[in-house]
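Notes for the one structure printed next.
Numbering (the numbering used here), first residue to last: 28 to 412.
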């Protein structure tokens with residue numbers, strides 16, 4: 028697993044360093060090349076061989092770390108430290124400049140507490156080796172501090188690299204979540220809007236057909252209502268698209284009374300205390316709309332009771348839904364609940380969307396068949412219990 032400090036950006040594997048990634052090695056190793064070439068380092072062949080081994084080990088540490096193979100990289104890092112220490116102890120001179128390079132390799136391959144411990148140990152080895160070659164205290168301090176600080180700087184840069192990657196990844200996930208939430212909101216609003224409106228249109232169209240011959244004037248009024256409801260639906264769909272659709276409780280109660288009357292269903296509305304205001308009123312308005320829509324479409328009821336409380340709404344009908352009679356597909360009514368048992372709503376897409384709306388505001392929805400027949404949908408703006 029790739030170390031945390033090399034977490035890929037945007038979920039993509041990090042690219043191995045190019046030419047610039049090895050420029051530091053060239054800068055720190057050029058002194059060894061120069062001193063070996065002019066005969067300062069003797070035997071020269073051993074210095075050349077050591078430089079080749081260090082080059083291979085350093086490249087291996089960097090490439091293996093960036094290719095998600097940390098354990099082989101750690102082995103090469105240990106070998107690199109041993110070779111650099113041995114060559115610096117034997118030759119001194121420019122070989123001492125490869126201690127900071129080893130510190131850089133530590134900052135690349137290690138992370139967390141390990142990088143601090145290993146860098147501290149490498150700093151002690153650097154100081155001891157440089158001191159043993161007769162260097163001054165100032166030079167010992169310079170090499171020691173260079174080894175430790177360069178390793179920490181590289182480790183810090185790679186940690187920043189990881190943080191930036193995590194921020195980008197989080198921003199992308201938040202954007203995806205926002206898109207998904209907006210799609211869910213639109214689907215939920217579209218279901219609630221069109222489900223109710225189309226049900227009202229169907230009921231009124233049936234009324235027009237029944238009244239066309241015996242009461243043309245009443246049929247004409249119902250046809251006018253269909254036009255009004257259709258225009259209202261167009262307006263509500265536009266509001267849903269722009270995200271400004273709100274279902275006020277008073278308006279929904281008035282529309283519910285009219286729709287139920289057209290469907291030939293007696294509506295009894297009771298209000299206990301003041302109606303909620305603000306977002307609570309909007310949420311309970313959605314409950315009334317969903318409950319009345321299901322009554323008209325599925326219940327076969329002759330009577331509906333709607334009770335409004337300060338923080339609650341209950342829609343109760345005397346329809347045909349029983350515990351042993353599953354409701355029509357998608358309405359969330361009936362199925363296997365025992366008579367008189369009310370469970371958290373979630374059977375149909377409408378009730379599920381309603382439950383999600385209330386849950387986000389800290390409320391809850393319950394629905395279930397009644398012992399004497401019929402169905403009850405209730406919602407509260409407070410958590411259950």
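Yeah, the Cβ is synthetic: ideal placement off N, Cα and C, and Gly gets one too.
Worksheet item: Where do the ends of the beta strand (DSSP E) carrying residue 117 lie?
Response: That residue, residue 117, is in no beta strand (DSSP E); its alpha helix (DSSP H) goes 97 to 118.
Worksheet item: What do you get for residue 396, buried or exposed, if any count of 16 or more other CB atoms within 10 angstroms of its CB means buried?
Response: By the 10 Å Cβ count, residue 396 comes out buried.
Discussion item. Suppose you measure from the CA of residue 77 to the CA of residue 98; what does that come to, to the nearest Å?
Written reply: Note on geometry: alpha-carbon atoms of residue 77 and residue 98 lie some 23 Å from one another.
Item to complete: Mind the definition here: the stretch 112 to 120 touches the stretch 156 to 172 only if three or more C-beta pairs lie below 8 Å; say whether that holds.
Response: Yes, the stretch 112 to 120 touches the stretch 156 to 172.
Worksheet item: Does the Cβ-Cβ distance between residue 342 and residue 309 come in under 9 Å?
Response: In this structure, residue 309 does not lie closer than 9 Å to residue 342 by Cβ.
Worksheet item: At what residues does the alpha helix (DSSP H) containing residue 285 begin and finish?
Response: The continuous alpha helix (DSSP H) containing residue 285 extends over residues 276 to 289.
Discussion item. Using only the alpha-carbon positions, how far apart do residue 174 and residue 142 sit?
Written reply: Straight-line Cα distance between these residues: approximately 12 Å.
Worksheet item: Does the Cβ of residue 168 have 16 or more other Cβ atoms within 10 Å, making it buried, or fewer, making it exposed?
Response: Flag for residue 168 reads exposed.
Discussion item. Contact defined as beta carbons within less than 8 Å: I believe residue 249 pairs with residue 264. What is the distance between those atoms, to the nearest angstrom?
Written reply: Between residue 249 and residue 264, the beta carbon gap of about 22 Å keeps them out of contact (Cβ cut-off 8 Å).
Discussion item. Quick check: what's the CA-CA separation for residue 354 versus residue 326?
Written reply: Reliability of the predicted coordinates at residue 354 is poor, the pLDDT of 42 falling under 50, and the value obtained from them is presented with this limitation in mind. One C-alpha to the other measures close to 8 Å.
Fill in: Among 214, 244, 200 and 253, the one whose alpha carbon lies nearest that of residue 224
With distances taken between Cα atoms, residue 224 lies closest to 253.
Worksheet item: When you compare each of 334, 403 and 185 to residue 89 by their alpha carbons, which one comes out closest?
Response: Ranking 334, 403 and 185 by Cα distance to residue 89 puts 185 first.
Discussion item. When you compare the CB positions of residue 335 and residue 281, do they come within less than 9 Å of one another, or not?
Written reply: Not in contact: residue 335 and residue 281 (Cβ atoms no closer than 9 Å).
Practice prompt. Sort out for me which residues DSSP pairs residue 344 with in a bridge.
Written response: DSSP output for residue 344 lists 331 and 402 as bridge partner(s).
Fill in: Environment of residue 339 [buried if 16+ CB atoms lie within 10 Å]
So residue 339 counts as buried.
Fill in: Which of helix, strand or coil DSSP assigns to residue 326
Looking at residue 326 - three-state DSSP - the assignment turns out to be helix.
Item to complete: Determine the extent of the alpha helix (DSSP H) in which residue 127 is found, giving its start and end residues.
Response: Judged by DSSP secondary structure, residue 127 falls within the alpha helix (DSSP H) whose first and last residues are 125 to 136.
Discussion item. Taking the straight line between their C-alpha atoms, what separation do you get for residue 85 and residue 195?
Written reply: The alpha-carbon of residue 85 is positioned some 30 Å away from that of residue 195.
Worksheet entry | Ranges of the alpha helix (DSSP H) found wholly within the stretch 218 to 269, counting only runs of at least 4 | Restricting attention to alpha helix (DSSP H) runs no shorter than 4 residues, the stretch 218 to 269 encloses them at 243 to 269, ordered along the chain.
Worksheet item: Any idea what DSSP makes of residue 336, helix, strand or coil?
Response: Note: residue 336 maps to coil in three-state DSSP.
Worksheet entry | residue 204 versus residue 277 - alpha carbon distance | Between residue 204 and residue 277, the alpha-carbon positions lie close to 33 Å from each other.
Worksheet item: When the distance is taken between beta carbons, is residue 133 closer than 9 Å to residue 146?
Response: Cβ distance < 9 Å, so residue 146 and residue 133 count as in contact.
Discussion item. Comparing C-alpha positions only, which one of 324, 166, 150 and 91 sits nearest to residue 112?
Written reply: If we check each option's Cα against that of residue 112, 150 comes out closest.
Worksheet item: Since residue 293 is in the alpha helix (DSSP H), which residue starts that stretch and which ends it?
Response: For residue 293, there is no enclosing alpha helix (DSSP H); the enclosing beta strand (DSSP E) has its first and last residue at 293 to 298.
Worksheet item: What number of angstroms, rounded off, separates the C-alpha of residue 103 from the C-alpha of residue 191?
Response: Whole-angstrom Cα-Cα distance: 28 Å.
Worksheet item: Quick one: what's residue 392 bridged to in DSSP?
Response: DSSP lists 406 as partners of residue 392.
Practice prompt. Pull up the distance between the alpha-carbon of residue 324 and that of residue 240, whole angstroms please.
Written response: In this structure, the CA atom of residue 324 is about 25 Å from the CA atom of residue 240.
Worksheet entry | Touch test, the stretch 255 to 263 against the stretch 290 to 306, Cβ-Cβ under 8 Å, three pairs minimum | Cβ pair count under 8 Å is below three, so no.
Item to complete: Count the other CB atoms, across all protein chains shown, that sit within 10 Å of the CB of residue 230; report buried if there are 16 or more and exposed otherwise.
Response: Its Cβ being crowded by 16 or more others within 10 Å, residue 230 is buried.
Item to complete: Would you verify that the beta carbon of residue 100 is, or is not, closer than 9 Å to some beta carbon of chain B?
Response: No chain B is present in this structure, which holds just one protein chain.
Worksheet item: Sorted by chain position, which residues of the same chain lie with C-beta nearer than 7 Å to residue 245's C-beta, five sequence neighbours on each side aside?
Response: Within its own chain, the residues whose Cβ lies closer than 7 Å to the Cβ of residue 245, once the five positions on either side in sequence are excluded, are 238, listed in chain order.
Worksheet item: Does the Cβ of residue 109 have 16 or more other Cβ atoms within 10 Å, making it buried, or fewer, making it exposed?
Response: Exposed, by the Cβ-count rule.
Item to complete: Classify residue 121 as helix, strand or coil using the three-state DSSP reduction.
Response: Reduced to three states, the DSSP call for residue 121 is helix.
Discussion item. Quick check: what's the CA-CA separation for residue 43 versus residue 94?
Written reply: With a pLDDT of only 44 at residue 43, under the threshold of 50, the placement of this residue in the model should not be trusted, and no figure is reported.
Worksheet item: Any heavy atom of the ligand ATP within a distance shorter than 8 Å of the CB on residue 107?
Response: Here there are no bound small molecules, and the ligand ATP is not part of this structure.
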